[in-house]
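Below: the structure, in structure tokens.
There are 2 protein chains.
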Amino acid sequence: MSSFNRITAEQLTQIAAIVGDVNTSTTQADIDLHARDQSHHAAHPAEVVIFPTAAQQVADVLKLANEARIPVTPWGVGTGLEGNSIPVYGGILMSFERMARIVEVYADDFQVTVQPGIGHRDLNAELARYGLFYPPDPGANATVGGMLANNAAGIRTVKYGASKDNILRMQVALADGRLIHVGSRSVKQAAGYDLLHLFVGSEGTLGVITEATLKLMPVPAHVSAVVAAFPSVESAVETVVAVRGSGLDPAALELVDAAHAVMLSQSDGVELSEHPHVFMEFHAAHEATLNDGLEMVREICEEMGAVSFRATTDTAERKRLWHARHHSYEIMVRSHPDKQFFIMDVAVPISAYPELIDYVETIKAERDITAYLIGHAGDGNIHVEFPYTPGETYDKAMAANHDIVMKALALGGTATGEHGVGIGKAKYMPIEHGDALDVMRVIKQSLDPNGILNPGKVFPE
Amino acid sequence: MSSFNRITAEQLTQIAAIVGDVNTSTTQADIDLHARDQSHHAAHPAEVVIFPTAAQQVADVLKLANEARIPVTPWGVGTGLEGNSIPVYGGILMSFERMARIVEVYADDFQVTVQPGIGHRDLNAELARYGLFYPPDPGANATVGGMLANNAAGIRTVKYGASKDNILRMQVALADGRLIHVGSRSVKQAAGYDLLHLFVGSEGTLGVITEATLKLMPVPAHVSAVVAAFPSVESAVETVVAVRGSGLDPAALELVDAAHAVMLSQSDGVELSEHPHVFMEFHAAHEATLNDGLEMVREICEEMGAVSFRATTDTAERKRLWHARHHSYEIMVRSHPDKQFFIMDVAVPISAYPELIDYVETIKAERDITAYLIGHAGDGNIHVEFPYTPGETYDKAMAANHDIVMKALALGGTATGEHGVGIGKAKYMPIEHGDALDVMRVIKQSLDPNGILNPGKVFPE
Numbered sequence: 001m002s003s004f005n006r007i008t009a010e011q012l013t014q015i016a017a018i019v020g021d022v023n024t025s026t027t028q029a030d031i032d033l034h035a036r037d038q039s040h041h042a043a044h045p046a047e048v049v050i051f052p053t054a055a056q057q058v059a060d061v062l063k064l065a066n067e068a069r070i071p072v073t074p075w076g077v078g079t080g081l082e083g084n085s086i087p088v089y090g091g092i093l094m095s096f097e098r099m100a101r102i103v104e105v106y107a108d109d110f111q112v113t114v115q116p117g118i119g120h121r122d123l124n125a126e127l128a129r130y131g132l133f134y135p136p137d138p139g140a141n142a143t144v145g146g147m148l149a150n151n152a153a154g155i156r157t158v159k160y161g162a163s164k165d166n167i168l169r170m171q172v173a174l175a176d177g178r179l180i181h182v183g184s185r186s187v188k189q190a191a192g193y194d195l196l197h198l199f200v201g202s203e204g205t206l207g208v209i210t211e212a213t214l215k216l217m218p219v220p221a222h223v224s225a226v227v228a229a230f231p232s233v234e235s236a237v238e239t240v241v242a243v244r245g246s247g248l249d250p251a252a253l254e255l256v257d258a259a260h261a262v263m264l265s266q267s268d269g270v271e272l273s274e275h276p277h278v279f280m281e282f283h284a285a286h287e288a289t290l291n292d293g294l295e296m297v298r299e300i301c302e303e304m305g306a307v308s309f310r311a312t313t314d315t316a317e318r319k320r321l322w323h324a325r326h327h328s329y330e331i332m333v334r335s336h337p338d339k340q341f342f343i344m345d346v347a348v349p350i351s352a353y354p355e356l357i358d359y360v361e362t363i364k365a366e367r368d369i370t371a372y373l374i375g376h377a378g379d380g381n382i383h384v385e386f387p388y389t390p391g392e393t394y395d396k397a398m399a400a401n402h403d404i405v406m407k408a409l410a411l412g413g414t415a416t417g418e419h420g421v422g423i424g425k426a427k428y429m430p431i432e433h434g435d436a437l438d439v440m441r442v443i444k445q446s447l448d449p450n451g452i453l454n455p456g457k458v459f460p461e
Numbered sequence: 462m463s464s465f466n467r468i469t470a471e472q473l474t475q476i477a478a479i480v481g482d483v484n485t486s487t488t489q490a491d492i493d494l495h496a497r498d499q500s501h502h503a504a505h506p507a508e509v510v511i512f513p514t515a516a517q518q519v520a521d522v523l524k525l526a527n528e529a530r531i532p533v534t535p536w537g538v539g540t541g542l543e544g545n546s547i548p549v550y551g552g553i554l555m556s557f558e559r560m561a562r563i564v565e566v567y568a569d570d571f572q573v574t575v576q577p578g579i580g581h582r583d584l585n586a587e588l589a590r591y592g593l594f595y596p597p598d599p600g601a602n603a604t605v606g607g608m609l610a611n612n613a614a615g616i617r618t619v620k621y622g623a624s625k626d627n628i629l630r631m632q633v634a635l636a637d638g639r640l641i642h643v644g645s646r647s648v649k650q651a652a653g654y655d656l657l658h659l660f661v662g663s664e665g666t667l668g669v670i671t672e673a674t675l676k677l678m679p680v681p682a683h684v685s686a687v688v689a690a691f692p693s694v695e696s697a698v699e700t701v702v703a704v705r706g707s708g709l710d711p712a713a714l715e716l717v718d719a720a721h722a723v724m725l726s727q728s729d730g731v732e733l734s735e736h737p738h739v740f741m742e743f744h745a746a747h748e749a750t751l752n753d754g755l756e757m758v759r760e761i762c763e764e765m766g767a768v769s770f771r772a773t774t775d776t777a778e779r780k781r782l783w784h785a786r787h788h789s790y791e792i793m794v795r796s797h798p799d800k801q802f803f804i805m806d807v808a809v810p811i812s813a814y815p816e817l818i819d820y821v822e823t824i825k826a827e828r829d830i831t832a833y834l835i836g837h838a839g840d841g842n843i844h845v846e847f848p849y850t851p852g853e854t855y856d857k858a859m860a861a862n863h864d865i866v867m868k869a870l871a872l873g874g875t876a877t878g879e880h881g882v883g884i885g886k887a888k889y890m891p892i893e894h895g896d897a898l899d900v901m902r903v904i905k906q907s908l909d910p911n912g913i914l915n916p917g918k919v920f921p922e
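Pasting the structure below:
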């Protein structure tokens with residue numbers, strides 16, 4: 001790791017001159033508010049928090065920081081789950097709170113250009129009037145810039161893809177202060193290297209996203225929901241595979257394990273039996289399509305031995321059916337009032353999903369760990385949610401986390417499906433990538449030779 | 462550009478020792494067969510043509526070539542349209558003809574691992590038994606490796622995406638002789654930099670693809686086709702936008718201009734009136750869905766003033782309806798027996814499509830050029846096909862090509878939607894990318910410091 005300098009009083013004045021005094025803060029409140037994300041990783045104070053209001057300000061601050069060897073950590077809204085935006089080397093915390101505008105809606109192109117600080121929910125509230133929406137939804141109201149930087153995904157990825165699949169063009173500020181454009185508003189482009197996807201998911205370590213043109217989808221005219229319970233995880237996962245293979249193109253395909261179903265039932269009064277449950281959602285242009293589809297889904301579930309099957313095309317009923325899944329995190333938090341929570345994330349090819357889940361269930365049982373398994377099953381992605389007590393059960397949760405990551409890697413999967421590397425997954429990168437990690441390092445070195453961009457992330461130190 | 466060395470007799474022996482004598486050829490026939498692709502660009506002979514049979518051989522040859530500064534040009538089956546695989550600096554032509562195996566089918570994962578030399582049609586013939594298919598289809602039976610290297614797309618991209626959207630993992634041989642893996646068989650991955658997409662579309666200038674794991678889709682149970690004619694290009698394109706916005710998720714959405722419709726009718730006896738035509742295809746799990754969809758499409762077309770509308774869910778009838786579009790290239794060639802053909806490729810945001818097409822039609826009329834416009838309208842992509850006579854109308858076609866590329870760039874589009882940069886589009890890269898081209902150069906320099914990988918492509922010289 002490069003050695004960094006502390007910010008001098010003169011540099012602080014220069015930074016404030018770039019972004020404006022009102023957008024520069026060294027108050028303890030602002031430092032504290034930007035010292036940690038929603039993960040279990042330790043807080044670390046930045047030296048200054050700035051709120052740029054224009055791309056050129058971002059570029060100018062990077063240029064200054066690069067020349068002075070001051071670390072810069074970009075910040076969306078702090079919903080990261082692996083310490084991705086914790087300023088572990090201090091320096092400048094660059095919040096995008098004041099770059100949160102919709103720049104232009106291209107309704108005919110199903111595109112929108114936004115500043116990086118806009119929340120995806122806020123964006124979708126505005127887009128509703130055009131009958132369009134931006135599909136990636138990681139749960140929290142993360143910013144678009146943060147989602148792109150971490151390649152966030154969520155429950156609709158099985159149909160609509162992750163952040164990397166819903167982006168066309170970005171403006172990026174480089175460490176040396178240049179502003180470049182990558183990608184194209186043309187949905188097809190075969191013109192040179194795909195820098196767009198190099199910056200997406202690079203967690204602010206190669207450049208800082210200052211503007212993004214997103215792909216939008218028409219809001220589905222009709223939506224249906226299915227909740228089915230199965231005698232075993234195997235039959236639940238076989239159902240997932242069969243539904244994917246049916247051509248029905250589900251918009252969500254989620255697994256909740258039996259322990260989680262019980263917890264949700266006890267804490268929230270939802271009607272879930274002690275079985276693995278599969279939650280599904282389908283989007284279609286006609287209601288008839290949905291009804292035909294639900295008939296096929298019912299047949300598949302019955303063949304797989306479903307012990308219960310509920311389906312609806314009614315909006316209110318759908319919301320009721322999905323309530324437990326949509327609010328599973330809050331329900332878990334409410335039912336463990338004295339705990340802190342750690343949510344881990346791995347993904348595997350779907351054929352390895354039953355083995356991974358079996359492994360998680362075995363670890364839970366053998367080590368007497370309270371943990372809940374929730375999975376974006378259609379994508380082979382799982383989260384294990386560990387309620388823990390710091391100083392008591394934290395180490396046990398961390399040990400389980402480590403073993404599950406190693407298992408996922410052994411199964412041909414990845415250390416992180418959608419939370420990103422941040423701090424917590426950096427040590428797994430050599431195992432996951434082998435010599436390809438050296439190629440990543442070479443690229444990092446060529447674009448950020450002084451290592452000022454979000455240091456301490458992605459690469460093991 | 463780096464300076465290269467000619468291959469010495471000793472090096473030729475070393476190369477033959479790596480790949481085997483039977484896989485090493487310096488015959489004039491093999492040199493000639495690999496001197497040009499299907500483009501209008503001039504042929505250039507390699508010094509040796511090799512046919513490696515394993516990834517390690519590819520890596521070992523690259524290591525030798527890198528140390529000796531000998532150019533290496535990868536070759537799929539030579540269907541490129543911009544000189545992408547012409548060995549313009551001589552050296553080693555590396556054909557993947559003998560690395561054309563299916564390595565493994567992961568039916569439950571909807572994935573297949575292949576060697577790069579397999580043709581996508583040959584692959585799909587094998588995959589049919591699993592009820593799965595690999596969607597990208599550029600027309601010719603291009604190899605999967607060539608398609609990935611050029612980010613090939615085709616008529617089904619509007620639903621299934623381009624090559625870059627249907628790839629999960631690749632093995633790549635680097636210039637220094639290392640073999641790395643990029644991407645993951647997990648469909649979700651947020652673990653470090655997206656090297657997968659950096660190599661896809663890099664046209665063999667950053668590394669050589671030696672194996673690829675592709676995403677597959679279930680073969681659609683039901684397919685429908687629509688052919689509609691419109692009074693103007695504007696109403697045809699408005700129809701395209703409306704169909705995309707309807708949520709009907711078309712699998713193909715193609716435009717043929719009035720001149721092309723006339724040529725197709727006269728040469729092939731197909732029933733196309735002298736109007737712009739839109740060809741559509743829809744895929745669904747049930748026939749009922751298709752019928753509902755066709756009703757919606759008919760309403761949209763009528764609203765847009767369609768002068769004719771034909772639709773079917775019958776396979777034979779569908780093939781008849783689409784005959785003219787699927788065979789448009791052969792029909793054009795047959796109807797111009799004394800000509801050579803040059804096919805250009807640009808893409809723009811769909812809102813700019815009418816202006817681009819109007820510009821093409823104006824150029825054709827004002828300059829008295831024979832040319833046919835065919836478009837992947839759903840993607841904003843067009844091809845203009847120029848029949849020309851070398852030494853006579855070639856320059857006129859090239860001048861029109863240049864002007865159309867510049868117009869597409871001015872409209873916020875790209876110099877190439879799916880043919881790649883190759884030789885012909887390199888000069889437009891500074892205009893399309895600005896300073897981002899310097900970032901591409903830095904990456905090229907860091908991965909291929911001696912510039913041996915497919916020199917003369919992508920970057921202007």
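As they're listed, the protein sequences go chains A and B.
The opening residue of the first sequence carries number 1 in this note's numbering; numbering runs sequentially from there.
The opening residue of the second sequence carries number 462 in this note's numbering; numbering runs sequentially from there.
The beta-carbon is built from N, C-alpha and C at its ideal position, and this holds for glycine as well.
Could you check what DSSP says for B:Leu733 in three-state terms: helix, strand or coil? Translated into positions along the second sequence, residue 733 of chain B becomes position 272. Assigned with DSSP and collapsed to three states, B:Leu733 falls in coil, not helix or strand.
What would DSSP say about B:Glu672, mapped onto helix, strand or coil? Taking the second sequence and counting its residues from 1, the one referred to as residue 672 of chain B is at position 211. B:Glu672 falls in the strand class under three-state DSSP.
Looking at the structure shown, is A:Val226 part of a helix, part of a strand, or coil, going by DSSP? Against the first sequence, residue 226 of chain A aligns to sequence position 226. Strand.
Taking the alpha helix (DSSP H) that A:Asp60 falls in, what are its first and last residues? Reading the first sequence from its first residue, position 60 is the one you call residue 60 of chain A. Per DSSP, A:Asp60 belongs to the alpha helix (DSSP H) from 55-68.
Apart from the five residues just before and just after A:Leu195, which ones in its own chain have a Cβ nearer than 7 Å to its Cβ? One-based indexing of the first sequence puts residue 195 of chain A at position 195. So the list reads Val182, once near-sequence residues are dropped.
If we call anything under 8 Å between Cβ atoms a contact, is B:Val694 one with B:Ala772? Looking up residue 694 of chain B in the second sequence gives position 233. Looking up residue 772 of chain B in the second sequence gives position 311. Result no, Cβ atoms of B:Val694 and B:Ala772 do not sit closer than 8 Å.
Three-state secondary structure (DSSP) at B:Met462? The count along the second sequence starts at 1 and reaches residue 462 of chain B at position 1. Because the pLDDT of B:Met462 is 49, which lies under 50, any placement of that residue in the model is unreliable, and the question is left without a value.
Tell me which residue opens and which closes the alpha helix (DSSP H) that B:Pro848 is part of. Here residue 848 of chain B refers to the residue found at position 387 when the second sequence is read from its first residue. No alpha helix (DSSP H) holds B:Pro848; the beta strand (DSSP E) holding it covers 842-849.
Residue from B:Val919, B:Met805, B:Thr700 with nearest C-alpha to B:Lys428: No answer is possible for residue 428 of chain B: the residues shown for chain B start at 462 and end at 922.
Environment of B:Ser464 [buried if 16+ CB atoms lie within 10 Å]: In the second sequence, the residue the question calls residue 464 of chain B occupies position 3. Flag for B:Ser464 reads exposed.
So, is the C-beta of A:Val402 closer than 8 Å to a C-beta in chain B? As a first step, residue 402 of chain A is located in the first sequence; it is residue number 402 there, counting from the start. Correcting the residue type first, residue 402 of chain A is His in the shown sequence and not Val. Judged by the 8 Å Cβ criterion, A:His402 is not in contact with chain B.
Are the beta-carbon atoms of A:Glu355 and A:Leu411 separated by less than 8 Å? Start at 1 with the first residue of the first sequence, and residue 355 of chain A comes out as number 355. Start at 1 with the first residue of the first sequence, and residue 411 of chain A comes out as number 411. In this structure, A:Leu411 lies closer than 8 Å to A:Glu355 by Cβ.
Taking only three categories from DSSP, how would you classify A:Tyr134? Reading the first sequence from its first residue, position 134 is the one you call residue 134 of chain A. Three-state DSSP puts A:Tyr134 in coil, outside helix and strand.
Using 8 Å as the threshold, is the region 665-681 of chain B in touch with the region 210-222 of chain A, meaning 3 or more CB pairs across them? no
Using the C-alpha atoms, what's the distance from B:Arg902 back to B:Met462? Indexing the second sequence from 1 puts residue 462 of chain B at position 1. Indexing the second sequence from 1 puts residue 902 of chain B at position 441. With a pLDDT of 49 at B:Met462, under the threshold of 50, the predicted position of this residue should be treated as unreliable, and no value is reported.
Which residue from A:His283, A:Arg6, A:Ala229 puts its Cα closest to that of A:Val48? Position 48 of the first sequence, counting from 1, holds the residue named residue 48 of chain A. For A:Val48, the nearest C-alpha among the options comes from A:Arg6.
Listed by chain order, chain C residues near B:Leu523 by CB distance under 8 Å: No chain C is present in this structure, whose protein chains are A and B.
According to DSSP, is B:Met631 helix, strand or coil? Your numbering for residue 631 of chain B matches position 170 in the second sequence. Strand, per DSSP.
Residues within the region 381-409 of chain A neighbouring chain B, beta-carbon criterion of under 7 Å: Asn381
Alpha carbon to alpha carbon, what distance is there between A:His283 and B:Pro711? As a position in the second sequence, residue 711 of chain B is number 250, starting the count at 1. As a position in the first sequence, residue 283 of chain A is number 283, starting the count at 1. Roughly 15 Å separates the two Cα atoms.
In chain A, which residues lie less than 9 Å from B:Met901 when you measure between Cβ atoms? Numbered from its first residue, the second sequence carries residue 901 of chain B at position 440. Gly192, Tyr193, Leu195, listed in chain order.
What is the DSSP secondary structure of B:Ile792, reduced to helix, strand or coil? Counted from its first residue, the second sequence places residue 792 of chain B at position 331. Note: B:Ile792 maps to helix in three-state DSSP.
Anything in the region 308-329 of chain A with a Cβ closer than 8 Å to a Cβ of chain B? List those residues in chain order, please. none
Member of A:Asn23, A:Val223, A:Tyr89, A:Leu264 whose CA lies at the smallest distance from the CA of A:Ala522: Any property of residue 522 of chain A remains undetermined from this structure, which presents chain A solely from 1 to 461.
Neighbour list for A:Gly293 in chain B, Cβ cutoff strictly below 9 Å: The count along the first sequence starts at 1 and reaches residue 293 of chain A at position 293. For the C-beta of A:Gly293, the chain B residues within less than 9 Å are, from N- to C-terminus, Ala746, His747, Thr750.
If you run the structure through DSSP and keep just helix, strand and coil, what is B:Ser500? As a first step, residue 500 of chain B is located in the second sequence; it is residue number 39 there, counting from the start. Secondary structure at B:Ser500: coil, using DSSP grouped into helix, strand and coil.
Check the C-beta distance from B:Ala746 over to A:Gly247 and give it rounded, since I have them as a contact under 8 Å. Taking the first residue of the second sequence as 1, we reach residue 746 of chain B at position 285. Taking the first residue of the first sequence as 1, we reach residue 247 of chain A at position 247. Rounded to the nearest angstrom, the Cβ distance from B:Ala746 to A:Gly247 is 4 Å, consistent with a contact under 8 Å.
Ordered along the chain, which non-local residues of its own chain (more than five positions away) have a Cβ less than 8 Å from that of B:Ile476? As a working mapping, residue 476 of chain B is identified with position 15 in the second sequence. Cβ neighbours of B:Ile476 beyond the five flanking positions: Ile468, Thr485, Val509, Ile511, Val522, Leu525, Ile553.
Out of B:Pro596, B:Asp583, B:Met555, state which residue places its alpha-carbon closest to the alpha-carbon of B:Phe571. Locating residue 571 of chain B in the second sequence gives position 110, where the first residue counts as 1. Measuring from the Cα of B:Phe571, the nearest candidate turns out to be B:Pro596.
Quick check on A:Asn450 - is its C-beta less than 8 Å from some C-beta in chain B? Here residue 450 of chain A is taken as the residue at index 450 of the first sequence, counted from 1. No - not a single Cβ of chain B is within 8 Å of the one on A:Asn450.
Anything in the region 333-351 of chain A with a Cβ closer than 7 Å to a Cβ of chain B? List those residues in chain order, please. Ala347, Val348, Pro349, Ile350, Ser351
Quick one: what does DSSP say B:Asp799 is sitting in, helix, strand or coil? Mapped onto the second sequence, residue 799 of chain B falls at position 338. Three-state result, B:Asp799: coil.
For a contact meaning CB atoms closer than 7 Å, what does A:Asn454 contact in chain B? Along the first sequence, one-based indexing puts residue 454 of chain A at 454. None at all; the shortest Cβ gap to chain B is about 13 Å.
At least three beta-carbon pairs within less than 8 Å, the region 172-180 of chain A to the region 106-122 of chain A: Inter-segment contact for the region 172-180 of chain A and the region 106-122 of chain A is absent: fewer than three beta-carbon pairs are separated by less than 8 Å.
Among the candidates B:Arg530, B:Asn527, B:Gly541, whose CA atom is the shortest distance from the CA of B:Ser500? Taking the second sequence and counting its residues from 1, the one referred to as residue 500 of chain B is at position 39. Of B:Arg530, B:Asn527, B:Gly541, the residue nearest in Cα terms is B:Gly541.
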